[in-house]
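Only one structure is covered here, and it is reproduced in the block below.
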């Protein structure tokens, strides 16, 4: 064990990342919020949005969070990474042999 921070890794500072998420309570909760003036916005709450905020603060990337359509399956979510729709997906995605053929899991 060492206290020396690893070097040689790619920096994500100011990199735009398209992050795919899927609504799945308690990981990602989608809420429609209306302010005092009547304007409605969509807010993402839960473990995944909290993790994205923490990673953004630590790594400096610029997230574009994209909510997957409610009828999209987890397999289709993985295909969307492979097809360039998302750079990464963060959520409760199970690792399978078939999915490993398309993307890396961390």
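In my numbering, the protein residues as written are 64 to 169. Ideal placement from N, C-alpha and C gives every residue a C-beta, glycine not left out. It should be emphasised that the depicted structure is a prediction, and the values quoted were computed from it without experimental measurement.
| Asked | Found |
| --- | --- |
| Drop a sphere of 10 angstroms on the beta-carbon of residue 71, count the other beta-carbons inside from all chains shown, and report buried for 16 or more, exposed for fewer. | exposed |
| Inspect the beta-carbon positions of residue 85 and residue 128 and report whether they are closer than 8 Å. | no |
| Rounded to the nearest angstrom, what separates residue 125 and residue 153 at their Cα positions? | 15 Å |
| Considering residue 139, what are the terminal residues of the beta strand (DSSP E) in which it resides? | First-last for residue 139: 137-145, but that is the alpha helix (DSSP H), not the beta strand (DSSP E). |
| Whole beta strand (DSSP E) runs in the stretch 89-166 with 3 or more residues, listed along the chain? | 92-97, 103-108 and 125-130 |
| Going straight from the alpha carbon of residue 166 to that of residue 118, what length do you get? | 20 Å |
| At the level of alpha carbons, what is the spacing between residue 76 and residue 115? | 14 Å |
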